[in-house]
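All remarks here apply to the structure that follows.
Numbering (full-length UniProt numbering), first residue to last: 1 to 580.
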């Protein structure tokens, strides 16, 4: 297979979090994200700004996000390399994951259920209302009875005493057999998943963790490696072929290297199979953790849910993207005998399942545990994003200095400097030239974050929401994912539009800040569940501010663009105001 010289200026990536049943929210959000991107990719779109031919070039996920990501890429391959229908396929997958429960049946068909819980909640507000009771007892049925979830797992009770504790030894503790999920996945995905950049196919990456060594995450990749195990192109870049060992057989093309420099691990696999999906998705109490042999130590490694290490794998996306393109560009440099080009920028969509903002303070044990769960698994990648932007600015400055040196007649000196090895790179187990740092940097062009809204009141959520696979809860999560995604995407359209106008100097920095301040205030009002009329008032103020700008401050065409997005946000708030 020959190495294509095509280097896209940008690639689009989708990042899915872990969160159990909250993955249904991702399915709803994905439907809106895909619709937006397909509209942009349409040749008839008036505001098409896309620079990549794929809806998504990379899909990376952790835990339930890994499952969702695999279903989507699996559909893409089954559907003749097309994303068409992928949103509906993911919704179909989630319809099959949802299950009826006894509590849900009574909540729907027995009026006494609602009257009973409503009465006690009125007498004592610390007692759950009917909907919370439905959720709690449904989760109890899913997790602590042999029923389980029909297409997910079977609970298995265990008894035993380690500390001779009479207060706990009479009760079982539970582990979960995920054979049902393994079988269900094979109905949607033709394993193994193997994709290729040469075929213009998306790269699927799943995040897991080695239970015996969690110093670094484990990345399972649908793209074949470009280097031999422990022989990266940083030290031996002597092959012009795309794959180093096509003559050795396909079984050596997919592997994961992980761990600290002094304790490296190497596991082989044949593309992403159902074991790799389960390795990223199964938590601590599973009975079916996949295992692989470590070729470095000869030991068997067991893999757990990647969410324990990185529940929002933005950092892993950036690092793996950089490593892949550094190797690919070095091969191109050798093949073309010319200066290597830059790695593609990344445009990233992140779906955040765990709300950062909650309107109330948790007081009872259930809500305290629920809030702790959100804190542990919430998106913490904002700092990573800021650091990438900061390094991008430094490298861009370096490039300007390099170009300045060349224009002043110091071409050979600049080239010699770029060929020098960066001293710090040896600390990370490889040798890297300054040229690789400058040209191989991953730049984030845009990061679109879909944030799940926190609960408005304390009687609408429970600890265990990630195990609530009831049909009504799954349907509600899908709908909320769609609504939140619409709002988040429109918000980002506004912000990015203003940034572009400031960058193009068609809008002053000062006026851009004024608009951004209003947008931030509107977002804060929405996130804190302020009354709809208060939000609508602030939106009208923003529209008035845009219209007050003179044509030399903001062109009529740019006014039209901003006003369009603002009015769409206004309509979205009006439509959903009854639920606020």
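The beta carbon of each residue, even a glycine, is placed where N, CA and C say it ideally should be.
Every value quoted in this text rests on a predicted model; they were computed, and no experiment measured them.
On the CB-based measure, 16 or more other CB atoms within 10 Å of its CB, does residue 308 come out buried or exposed?
buried
Using the Cα positions of residue 274 and residue 163, report the straight-line distance between them to the nearest angstrom.
37 angstroms
Quick test of your reading: residue 392 and residue 443, contact by CB under 8 angstroms. State the CB separation rounded to the nearest angstrom.
5 angstroms
Can you name, in chain order, every residue of its own chain whose Cβ lies under 6 angstroms from the Cβ of residue 12, other than the five neighbours on each side?
52, 56, 57 and 347
Look at residue 265 and residue 294 and say whether their C-beta atoms are less than 8 angstroms apart.
yes
Can you confirm whether residue 563, when its beta carbon is compared against all beta carbons of chain D, has any partner nearer than 8 angstroms?
Going by chain labels, chain D is absent from the structure shown, which holds only one protein chain.
Whole beta strand (DSSP E) runs in the region 197–237 with 3 or more residues, listed along the chain?
203–210 and 213–221
In chain order, what are the residue ranges of uninterrupted alpha helix (DSSP H) at least 4 long that sit wholly in the region 114–187?
130–144
Once you ignore the five residues that flank residue 143 on each side, which residues in its own chain have a CB closer than 6 angstroms to its CB?
467
Same chain, Cβ closer than 6 angstroms to residue 494, neighbours up to 5 away in sequence not counted:
519 and 565
Selected residue, minimal CA-CA separation from residue 62, among 253, 300, 205 and 178:
205
Name the residue from 173, 369, 362 and 316 whose alpha carbon lies nearest to the alpha carbon of residue 126.
362
Give me the Cα-Cα distance between residue 137 and residue 213, rounded to the nearest whole angstrom.
37 angstroms
In chain order, each beta strand (DSSP E) run of at least 3 residues that lies wholly inside the region 442–525:
444–451
Alpha helix (DSSP H) runs wholly inside the region 21–84, at least 4 long, in chain order:
23–41 and 64–78
Alpha carbons only, please: which of 404, 211, 14 and 324 is nearest the one belonging to residue 305?
211
Give every residue of the same chain whose Cβ lies closer than 6 angstroms to the Cβ of residue 570, excluding the five residues on either side of it in the sequence, and list them in chain order.
539
With respect to the beta strand (DSSP E) encompassing residue 104, which residues constitute its N-terminal and C-terminal limits?
Element bounds for residue 104: not the beta strand (DSSP E) but the alpha helix (DSSP H), 102–109.
Residue 322 to residue 315 span [Cα, whole Å]:
11 angstroms
In this structure, does DSSP put residue 378 in helix, strand or coil?
coil
Please state whether the Cβ-Cβ distance between residue 279 and residue 255 is less than 8 angstroms.
no
Helix, strand or coil for residue 361 per DSSP?
coil
Stretch-stretch touch, CB-based, cutoff 8 angstroms, three pairs: the region 188–199 with the region 279–290
no
Which residues in the same chain have their Cβ closer than 7 angstroms to the Cβ of residue 157, if we skip the five residues on either side of it in sequence?
172 and 174
Below 7 angstroms CB to CB, which residues in the same chain sit around residue 437 once its five sequence neighbours on both sides are set aside?
422
Exposure label - residue 411; buried when at least 16 CB within 10 Å
exposed
Less than 8 angstroms between the C-beta atoms of residue 18 and residue 64, yes or no?
yes
Between the Cα of residue 432 and the Cα atoms of 131, 417 and 10, which residue gives the shortest distance?
417
Residue 218 and residue 590 - do their beta-carbons sit closer together than 8 angstroms?
Outside the shown range of the chain (1 to 580) lies residue 590, about which nothing can therefore be said.
Inter-residue Cα distance where the pair is residue 115 and residue 130:
8 angstroms
Would the beta-carbon of residue 469 fall within 8 angstroms of that of residue 369?
no
To the nearest angstrom, how far is the alpha carbon of residue 77 from that of residue 202?
9 angstroms
Answer yes or no: do residue 477 and residue 572 have a C-beta to C-beta separation smaller than 8 angstroms?
no
Taking the alpha-carbon positions, what's the residue 190 to residue 69 distance?
14 angstroms
Let me make sure I understand the geometry here. Which of 335, 533, 351 and 556 has the alpha-carbon closest to that of residue 378?
351
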